[in-house]
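Colleague:
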Amino acid sequence: MKNYILTLFLILLFSCGGDSKKDSNLSQKKNNISNKDSQTSAEDGGYGFEKIAKNLGFDTYEWNEKVDKTFFGDPKAVKGGKLNYIHSLFPRTMRVLGQNSSQVLNSRTIMSLCYEGLLGQHPATLEFTPRLASHWKISKDKTTFEFRINPDARWWDGMPVTSDDVIATWDLRMDETILSPAEQITYGKFERPIAKSKYIVSVKAKSVNWRNFLYFSTMVLHPNHILKDLDGTAFLEEYAFSVIPGTGPYIIEDKNIKNQESYTLERRLDYWNADSPFNKYKYNFDKIKVSVVKDNDALQFEKFKKGEQDIYNVQRSRRWVEETDFRATKKGWIKKQRVYSEKPAGTSGYYFNMRQWPFNDKRIRYAFCYLYDRQKMNKEMYYNEYGMMNSLYSGSVYENKDNKPFEYNPTEAKKLLKEAGYLERDSNGWLVHSETGKILSFEIVIQKTSAYMVTPVQQMLKEYGIDMQIKFMDYNTMIKNVNARNFNVCLLAYSGLIYPNPEGSLRSTLADQNDNNNVWGFKSDRVDNLLDEYDICFDQKRRVEIIREIDGIFSDVHPIAFSISRNYSRMMWWDKFGYPDWMFSRYVGEYWDALYYWWYDEDKDSELKESIESGKSLPLKPIDMKYWPNYLAKNS
Amino acid sequence: MKNTSIFSRRWQKFKTLKRGYYSLIILLSLYILSFFLPLLINNKALIVKYEGNYYFPIVTGFVSGQVFGQDVPGEARYRELKSSFKEDLNSSNWVLLPPYPYSPFEDITYDGNKMYESPSSLHWLGTDNTGRDVFARLCYAFNISISFALILTIINYIVGILIGGAMGYYGGKFDLFFQRLIEVWSSLPMLFVIIIISSILKPSFFLLIGIYTLVNWISMTYLIRAEFYREKAKPYVAAALSMGQSNFKIMFKHILANSLVPIITYFPFSVVAGISALVGLDYLGFGLAPPTPSWGQMLDVGLSNISKWWMVFSPVSAQFFTLLAIVFIGEGVREAFDPKVYSRLR
Amino acid sequence: MVNYFLRRILLMIPTFLGSTILVFTILQMAPGGPIEQMMLELQMGGNVVGEGGGGSSSNAIGGVSLPPKALKELERFYGFDKPIYQRYLSWLGVWPREIKHRDFSIPKGISSVEKRVGKVDGAIWKVDVSISNDNDLIVYEKSGEKSENWFSKIENSNEDGSLDAVVFQQEYSGILTGNLGKSYTYLKPVTEVMKPRFKISLFFGLTGIFLSYLICIPLGIKKALNHGSAFDFGSSVLIFMAYSIPGWALGGVLLVLFGGGSFFDVFPLGGFRSPSEIWDTLSPIQKVFDQIHHMILPIIAWSIGSFATLTVLMKNSLLENLSQDYVRTAFAKGLKENRVIWYHAMRNSLIPIASGIGHLLGVVIAGSYFIERMFNIDGFGRMAYEAILSRDYPVTLGFLVIVVLIRLLGNIISDFVLAIVDPRIRFK
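Chains as they are written, first to last, in our numbering: chain C, 5 to 640; chain X, 3 to 348; chain F, 6 to 433.
#1: Taking C/V297 as the query, report the chain F residues whose CB atoms sit under 8 angstroms from its CB, ordered along the chain.
#2: Select from the segment 131-159 of chain X all residues with a C-beta closer than 7 angstroms to any C-beta belonging to chain C, and list them in chain order.
#3: Classify X/Y238 as buried or exposed, calling it buried when 16 or more other Cβ atoms lie within 10 Å of its own Cβ.
#4: In chain F, which residues lie less than 8 angstroms from X/S316 when you measure between Cβ atoms?
#5: Confirm the yes/no value for this check: CB of F/L211, any heavy atom of the ligand MN, distance under 7 angstroms.
#6: Does any CB atom of chain C fall closer than 8 angstroms to the CB of F/T401?
#7: Which residues bound the beta strand (DSSP E) around C/T237?
#8: For a contact meaning CB atoms closer than 8 angstroms, what does F/R352 contact in chain C?
#9: If you draw a straight line from the C-alpha of X/D73 to the C-alpha of C/K620, how long is it?
#10: Once the 5 residues before and after C/Y387 are set aside, which same chain residues still bring their CB inside 7 angstroms of it?
#11: I need the straight-line Cα distance from C/T268 to C/I256, nearest angstrom please.
#12: Curious, which full-length beta strand (DSSP E) runs of at least 3 residues does the segment 373-459 of chain C contain?
#13: Between the alpha carbons of F/L340 and X/I211, how many angstroms are there, rounded?
#14: So, are the CB atoms of F/Q42 and F/I104 less than 8 angstroms apart?
#15: Say whether the segment 368-375 of chain C touches the segment 323-337 of chain C, bearing in mind that this needs 3 or more beta-carbon pairs closer than 8 angstroms, one atom from each stretch.
#16: Check distances from the C-beta atoms of the segment 374-395 of chain C to those of chain X and list, in chain order, the residues that come in under 8 angstroms.
#17: Grab me the residues of X/H125's own chain with a C-beta within less than 6 angstroms of its C-beta, minus the 5 sequence neighbours each way, in chain order.
#18: For C/R342, tell me which candidate among C/F356, C/G350, C/Y316, C/S352 has the shortest Cα-Cα distance.
#19: With DSSP as the reference, identify every bridge partner of C/H139, one or two as the case may be.
#20: Can you tell me whether DSSP reads X/E119 as helix, strand or coil?
#21: Tell me whether the beta-carbon of X/A138 lies closer than 8 angstroms to the beta-carbon of X/I43.
#22: Check F/L142 in the structure and name its three-state DSSP category.
#23: Which residue wins for smallest C-alpha separation from X/R79, given the options X/Y159, X/T215, X/Y104?
#24: Does F/R12 have its Cβ less than 8 angstroms from a Cβ in chain C?
#25: Taking beta-carbon pairs under 7 angstroms, can you tell me which members of the segment 95-118 of chain C lie near chain X?
#26: Quick check on DSSP: helix, strand or coil for C/P253?
#27: Going straight from the alpha carbon of F/D169 to that of C/R177, what length do you get?
#28: Flag C/D27 as yes if its beta-carbon sits less than 8 angstroms from any beta-carbon of chain X, otherwise no.
#29: Hey, how far is the Cα of C/S615 from the Cα of X/Y33?
#30: Measure from the C-beta of X/F107 to each C-beta in chain C and report whether the shortest distance is under 8 angstroms.
#31: Residues of chain F with CB under 9 angstroms from C/N480, in chain order?
#32: Just list the residues that DSSP pairs F/H106 with in beta bridges.
#33: According to the neighbour-count rule (16 or more other Cβ atoms, all chains shown, within 10 Å of its Cβ), is C/R135 buried or exposed?
#34: Mind checking if C/P185 is an interface residue toward chain F, Cβ cutoff 8 angstroms exclusive?
#35: Among all the DSSP beta bridges, which residues are the ones paired with C/K208?
#36: Is there a Cβ of chain X sitting closer than 8 angstroms to that of C/M464, yes or no?
As structure tokens, this is what we get:
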């Protein structure tokens with residue numbers, strides 16, 4: 005008995021220090037990956053392939069120590085420690101494909117950390133880099149792609165990655181019973197991949213489109229040796245809350261999934277590609293715990309202040325300006341910075357329905373934009389935290405700088421309204437059309453949470469006699485109405501893509517159909533022609549030109565009153581982590597990059613603990629972190 | 003004749019119960035006063051004398067600022083007008099503003115309005131997240147909340163007494179049928195009904211009352227049914243029956259009079275429940291369309307910005323005082339209307 | 006009396022059917038069902054309305070609409086391809102429910118087709134489907150026997166003479182067999198989704214009720230005995246102050262004040278109990294403390310609103326009884342004051358409070374969305390609210406079934422309690 009208690013005591017004692025000891029808190033067993041494949045010849049993609057790849061027409065990305073070492077993590081990084089993060093939702097499933105899987109949380113954590121695609125993308129240049137595949141080849145007609153899978157690549161269970169895995173994954177994605185039609189639309193653009201050998205797989209796209217290679221090469225793989233006994237329905241059921249083996253640097257064991265509460269990713273000690281220069285300084289945390297606080301940002305913030313969560317991303321400017329100056333930030337225990345990057349700002353603002361009165365009239369749209377005083381709102385309500393958006397591709401290279409920036413201009417607005425026939429105001433102050441006698445009145449449908457952004461606009465318009473009625477709806481109902489084109493104007497924010505894809509929102513044929521992204525009913529022959537050209541244009545420079553022209557045409561028609569944009573993320577974290585100089589990567593620029601590039605710094609943590617104990621201050625950081633803007637200025 | 007004398011006796015009794023009596027007077031006068039809020043709390047002038055002409059914007063409605071030589075796009079800014087007249091000592095122009103010259107709708111759009119100003123002599127209860135005056139909104143919301151709750155409660159009572167009374171009194175098949183109906187009805191998912199209706203119609207004051215009545219008459223009906231059930235077993239009902247009184251008379255003259263106590267005790271709670279219901283709906287975003295002033299919306303803003311204490315304090319205390327007054331009235335009414343004398347014998 | 010309650014219980018059946026039909030129909034009318042959500046997903050790939058707009062950067066496709074084949078598959082999965090009465094009946098469990106589907110096609114002139122239908126006992130399960138003379142499809146297992154599990158039917162005959170067919174399993178499984186279906190959002194059987202949350206809400210609700218009764222009854226009595234005194238007035242002000250602050254609002258303030266994030270570190274920041282990795286390591290006594298520690302703030306927030314109602318009900322009820330003739334008689338008979346009050350008057354004045362228990366039970370079960378959200382507790386109320394907003398019909402219906410059942414039982418219990426405590430009431 006005594007011994008028992010002693011052992012228990014010792015266990016407790018040691019487990020206390022566990023966090024700091026490298027690898028000690030990871031319980032998994034190491035898989036043996038020494039069984040190298042010596043059967044397959046170099047021509048078939050086996051070892052030695054890299055020597056003959058060039059002759060076979062295969063391409064790859066060579067690691068360039070000088071240029072690349074800055075962007076794939078920081079050499080100062082050490083492995084170990086734990087990152088606590090709180091999200092507002094528990095994943096609806098732990099799968100990363102199939103029904104209900106298209107959640108951002110799934111793609112940021114599970115998909116990026118447990119699985120890999122054939123190729124990766126360079127975080128700074130967006131060039132393709134080796135991942136599961138070491139080499140690739142694009143045929144002359146740009147429709148057939150070949151990939152050579154790295155013979156070292158292993159699944160969690162030690163099985164090698166082969167061409168069959170690519171085929172099985174494609175099969176699964178094309179199976180309708182996984183209830184995820186998006187997969188069939190994306191991957192239906194290809195014919196079934198063919199295994200040329202154990203490691204060389206080839207796939208043919210049904211049409212020419214520069215995006216096809218991107219889609220296929222970044223598709224994350226699932227193991228054939230498991231999928232072969234499953235059909236879509238069985239896959240949905242068996243892996244709803246259990247993670248199918250992957251190849252990535254992290255693993256989620258079933259015991260670490262507490263449904264609706266939390267899940268913990270553990271760093272794999274036997275990750276096949278851990279020593280590659282592309283990964284060496286990435287994936288540093290031993291454990292990443294994602295807990296859930298549903299729909300209650302205030303509580304989430306309190307939990308961060310208490311230290312139950314390590315990083316916090318501030319969404320609202322009010323919180324950032326007024327609520328982040330508490331003791332811990334003043335003392336420098338919690339750091340806060342605005343991290344600038346080149347992440348696409350997306351498109352947000354008031355989307356007009358150009359199919360019906362009153363916004364079928366360009367003058368009314370323009371008048372709305374002249375009266376919508378976003379500068380004032382930014383100044384009075386958002387603490388001047390934002391910039392003005394004037395383009396579909398605000399802040400990116402695709403932005404057409406000639407777009408007319410709409411600023412508050414009542415004279416112009418009044419002139420336009422007069423031209424449109426609104427001359428007089430009635431006794432309530434509303435504008436009346438001189439011929440029809442109709443009051444200029446329309447409805448905006450919003451969710452309750454955006455009320456504070458819309459009521460000032462309502463007052464601004466009221467000042468000039470335009471009656472905008474606000475109607476609250478829950479999200480589903482609102483979108484349903486928008487998709488049935490049953491709205492006058494609505495407030496939407498679409499996220500931006502690194503590679504713009506204006507097809508869905510600007511194609512003329514979609515304007516008269518429901519249930520698509522051409523919300524505003526945009527039609528233009530010129531844009532249609534440009535879209536046709538864009539899809540088959542493999543020259544990035546020309547693509548930029550095309551998109552800029554589209555952006556210009558769009559801005560002239562102006563189916564949207566652009567609102568404000570932000571090209572940084574507001575980040576707060578407990579000062580116990582190390583991170584690369586750039587903090588977040590160039591095009592992602594958001595807090596979840598911390599999961600991949602940051603590391604736990606033991607010295608900083610003990611300094612932090614000491615400072616908290618003694619009330620000592622730590623050095624503060626400047627608010628703005630402008631690595632990427634400076635980088636851009638230096639390199640262009 | 004007899005009725006009036008009973009009523010006046012009760013009224014006399016009620017008057018002696020100071021707490022309830024004064025609460026009633028205060029609440030009632032505030033409520034009546036709240037119908038004249040546009041005259042009291044508004045940014046529209048009551049009278050303007052300008053260049054020899056009189057204007058009554060509060061009656062005539064929209065008057066462009068240009069009429070008074072103001073360089074503003076829309077309606078005249080009467081506060082500024084007043085101060086500009088004051089500077090110009092020679093002119094005979096003057097403006098009569100409401101005593102509290104802020105409207106519940108004007109926000110940062112008006113120059114000079116700032117969001118989250120703390121309470122001051124200008125803005126008695128500060129301003130909210132879009133720079134609107136909290137006091138003005140609080141007062142306008144008072145009128146809306148009380149009206150909502152009163153109308154809702156009265157409708158509920160009428161329905162409840164009619165149906166519940168009949169159920170309790172007649173019992174049998176009638177009772178059985180209505181009980182089933184009520185049970186089926188009460189399983190309606192309220193939120194769904196509101197979501198469905200609001201996807202078709204714009205939620206308005208009376209629509210909300212309608213929806214709420216659909217659901218709320220049930221609890222009242224149950225209460226009254228139970229009372230009638232109990233009272234029916236009492237000897238005075240049998241006596242009345244044997245004297246050949248009609249069912250209607252027995253129900254509404256005798257039983258109702260005797261079941262008044264719980265019904266009246268319940269009244270303030272029912273009014274309060276009505277107020278809270280509106281607060282809850284507004285908080286969830288299924289209530290009245292913005293920018294209608296509402297306590298629920300204010301509370302929502304306050305709770306997501308707790309550091310702005312006046313945003314929490316104002317709606318909560320408004321609710322508290324209203325409620326307290328209603329309850330005191332309820333207590334007074336109960337004591338006064340009770341046919342039995344509340345005195346403890348020793 | 007026994008007859009009466011027996012009848013009441015039998016009468017629950019038509020009510021139950023009536024309300025489920027009503028709700029089932031209404032659910033279908035709400036815009037934005039699961040298929041529409043799926044279309045949306047396709048269209049947007051996630052968009053959030055925030056001040057500064059969205060900002061994700063993935064390679065997601067967007068702006069495409071649902072292909073007809075996928076739409077058919079989805080409709081079939083959710084059962085929307087059937088008329089509403091069939092859906093209702095199979096939800097009840099009196100109409101066969103199709104549970105698994107496999108599409109296949111039969112080329113012209115071929116009478117038997119092999120189809121892989123999944124896995125059985127770890128091996129791949131294949132069946133043979135053959136066309137009988139009168140164009141019915143019969144499914145045979147590989148052993149040659151007619152399949153007991155799989156059925157097949159022709160869906161469509163194409164121009165080239167081939168047939169589109171579907172092989173499916175069906176079962177009688179519904180609410181009557183205890184199967185409430187599978188949640189759209191949690192992808193788990195509804196019963197499994199509801200069970201833990203129900204327990205949590207029940208735990209909270211019962212504790213809350215118990216505590217409020219424990220406080221309100223004595224308080225109400227004291228107020229009634231000292232009617233009109235300063236104590237009566239003061240406590241009235243206090244309880245109404247408490248009543249006018251919404252419980253969830255108070256909860257939010259308490260969390261900020263005592264949660265340890267900003268001011269005093271006294272209580273945990275929400276949650277039903279400690280996270281399971283800590284909870285599992287606790288000793289039973291620690292578990293009790295941990296539970297209480299987590300529950301204090303939510304219980305305060307939960308019960309603060311019911312204080313006023315209960316206390317005033319108790320007070321008024323006792324006051325009323327004290328002025329009744331029988332109390333007068335009792336006093337006249339020379340009984341001691343204590344005995345009159347505590348024995349005679351009290352018994353009668355507890356009636357309205359006791360009869361409220363049934364209704365209260367229903368309220369408890371429904372949980373409180375606001376408080377559960379505020380304290381990050383995964384309870385019944387929050388589950389239902391989220392199910393409604395995300396149009397998770399099976400969970401919504403499951404929730405309603407439970408609530409309706411409990412409400413019905415609660416009503417019966419109320420009447421039963423009323424009959425027991427009040428001898429004047431006769432149920433026939």
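The C-beta atom is built at its ideal place from N, Cα and C for all residues, glycine as well. Predicted model, so just to flag it, every value in this text is computed and none were measured.
Modeller: For this structure:
#1: G275, N381, listed in chain order.
#2: Listed in sequence order: N131, T132, G133.
#3: By the Cβ neighbour-count rule, X/Y238 is exposed, with fewer than 16 other Cβ atoms within 10 Å of its own.
#4: Per Cβ cutoff of 8 angstroms: no residues; X/S316 is ~12 angstroms from chain F at best.
#5: Judged by which ligands are present, the structure shown has none, so any question about the ligand MN falls away.
#6: Put simply, the CB of F/T401 is far from chain C, with every gap to its CB atoms at 8 angstroms or more.
#7: In the DSSP assignment, C/T237 falls outside any beta strand (DSSP E) and lies within the alpha helix (DSSP H) extending over 236-242.
#8: Here the premise fails: no neighbours, minimum Cβ distance about 45 angstroms.
#9: Rounded to the nearest angstrom, the gap between the Cα atoms of X/D73 and C/K620 is 56 angstroms.
#10: Cβ within range, chain order: S321, V325.
#11: CA-CA distance, C/T268 to C/I256, rounds to 6 angstroms.
#12: The beta strand (DSSP E) runs lying completely inside the segment 373-459 of chain C and spanning 3 residues or more are 426-429, 435-437, 445-450, given in chain order.
#13: Distance between the alpha carbons of F/L340 and X/I211 is about 52 angstroms.
#14: Contact: no.
#15: Not touching, per the Cβ criterion.
#16: Within the segment 374-395 of chain C, the residues whose Cβ lies closer than 8 angstroms to some Cβ of chain X are D377, K380, M381, E384, M385, listed in chain order.
#17: Taken in chain order, the residues that qualify are E119, D135.
#18: For the residues C/F356, C/G350, C/Y316, C/S352, the minimum Cα distance to C/R342 belongs to C/Y316.
#19: DSSP lists C/R152 as the bridge partner or partners of C/H139.
#20: Coil.
#21: Against a cut-off of 8 angstroms, the Cβ pair of X/I43 and X/A138 comes out as a contact.
#22: In the three-state reduction of the DSSP assignment, F/L142 falls in the strand class, which pools E and B.
#23: Among X/Y159, X/T215, X/Y104, the Cα nearest to that of X/R79 is on X/Y104.
#24: Not a single CB atom of chain C sits nearer than 8 angstroms to the CB of F/R12.
#25: So the list is empty, because no residue satisfies the distance condition.
#26: Three-state DSSP puts C/P253 in coil, outside helix and strand.
#27: Rounded to whole angstroms, F/D169 and C/R177 show a C-alpha spacing of 22 angstroms.
#28: Below a pLDDT of 50, predicted positions are generally treated as unreliable, and C/D27, at 45, falls in that range; the measurement from the model is reported next regardless. Judged by the 8 angstroms Cβ criterion, C/D27 is not in contact with chain X.
#29: Take the alpha-carbon of C/S615 and the one of X/Y33: they are about 58 angstroms apart.
#30: X/F107 counts as touching chain C.
#31: Residues of chain F whose Cβ lies closer than 9 angstroms to the Cβ of C/N480 are, in chain order, A35, P36, G37, G38, E41, Q42, L45, L394, S395, R396.
#32: Per DSSP, F/F173.
#33: Using a 10 angstroms sphere on the CB of C/R135, the tally of other CB atoms reaches 16 or more, which defines it as buried.
#34: Yes, contact with chain F.
#35: Its beta-bridge partners are C/T148.
#36: Interface residue, yes.
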